[in-house]
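Asks: Have a look at this one before I ask anything.
Protein chains: 2
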Amino acid sequence: MGWNDGSYKDKKVISIGTVSELTGLSERQIRYYEERKLIYPERSKTGIRKYSFLDIETLIEIANQLEEGVGTNEIRKELKRREQPLTNKEVRNSLLKGQFNAQFKV
Amino acid sequence: MGWNDGSYKDKKVISIGTVSELTGLSERQIRYYEERKLIYPERSKTGIRKYSFLDIETLIEIANQLEEGVGTNEIRKELKRREQPLTNKEVRNSLLKGQFNAQFKV
DNA sequence: CGTGTAAGGAATTCTGACACG
DNA sequence: CGTGTAAGGAATTCTGACACG
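In order, the protein sequence lines correspond to chains A and B.
Using my numbering, you'd call the opening residue of the first sequence number 2 and step up by one each time.
Using my numbering, you'd call the opening residue of the second sequence number 2 and step up by one each time.
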């Protein structure tokens, strides 16, 4: 339990300079995509942005979409469509668990 | 290929301040364990230390060992003993691949 | 031996804004 | 709309050293 739960992919621990190197994007671009609500880094107590590896993967996709002429608004919607299934998956899992337990109650 | 190879566990992208928060160790302690050759962070072009999640796991173990009264020299040897098997595992995997390919050549 | 701290400097990050198109 | 840049300030990190034990 604790922070050692899932993989390290979702842990927000990388600062913007490193993200810039890893993605090839400028810090300006990275901050702008946050302003457009395409990514949601966390902040340290003193306000410094922290990103996860998942954020980095998302940023790379954002860059690709922009190159293809897709606007940030479209990209945002696309990203939402993908995150929804994840939530639904969790819901389905919960439902399955419920049914599973129900089986035994019968 | 590239940096997206294995998991994110080995990517050195976390700066010392974050590592300090994640491990509960002081920056002084973290730098000292490096001096004693227990961990090997990478450095940015400007000399800033970068750690991986694996480094963080190692640091936690180091802290535990020290609490138990084990000295840094002992801990270093113990850490070496563990890393060797990892290299051997890679070797074994290579060997298996060789045998696998041999199968088809017969 | 392992860790704290003050010291001075260098590198990083932040925000709001002007600019171009 | 997406991105570059100069501006000033705040936060981070680095090294070498003195200290305690």
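We put the CB at the ideal spot given by N, CA and C, even for glycine.
By the criterion of Cβ-Cβ separation under 8 Å, what are the contact partners of Ile15/A in chain B?
Replies: Here the neighbours are Val14 and Ile15.
Asks: Distance cutoff 9 Å, beta carbons only. Does Gly18/B sit that close to anything in chain A?
Replies: Closer than 9 Å: yes.
Asks: Counting only C-beta atoms, is Tyr9/B closer than 9 Å to chain A at any point?
Replies: Yes - at least one Cβ of chain A is within 9 Å of the one on Tyr9/B.
Asks: In or out: Lys46/A buried (at least 16 other Cβ within 10 Å) or exposed?
Replies: Counting Cβ neighbours within 10 Å, Lys46/A comes out exposed, since fewer than 16 surround it.
Asks: Pro42/B and Tyr33/B - do their beta-carbons sit closer together than 9 Å?
Replies: No.
Asks: Pull up the distance between the alpha-carbon of Ile63/B and that of Glu28/A, whole angstroms please.
Replies: Between Ile63/B and Glu28/A, the C-alpha separation is close to 35 Å.
Asks: Do you know how far the Cα of Gly25/B is from the Cα of Lys13/A?
Replies: Roughly 17 Å between the two C-alpha positions.
Asks: Rounded to a whole number of angstroms, what is the C-alpha to C-alpha distance between Ile57/B and Ile76/B?
Replies: Between Ile57/B and Ile76/B, the C-alpha separation is close to 15 Å.
Asks: Going by CA-CA distance only, name the one from Thr59/B, Ser16/B and Arg37/B that's closest to Gly48/B.
Replies: Closest by alpha carbon: Ser16/B.
Asks: When you compare the CB positions of Arg37/B and Arg44/B, do they come within less than 9 Å of one another, or not?
Replies: Not in contact: Arg37/B and Arg44/B (Cβ atoms no closer than 9 Å).
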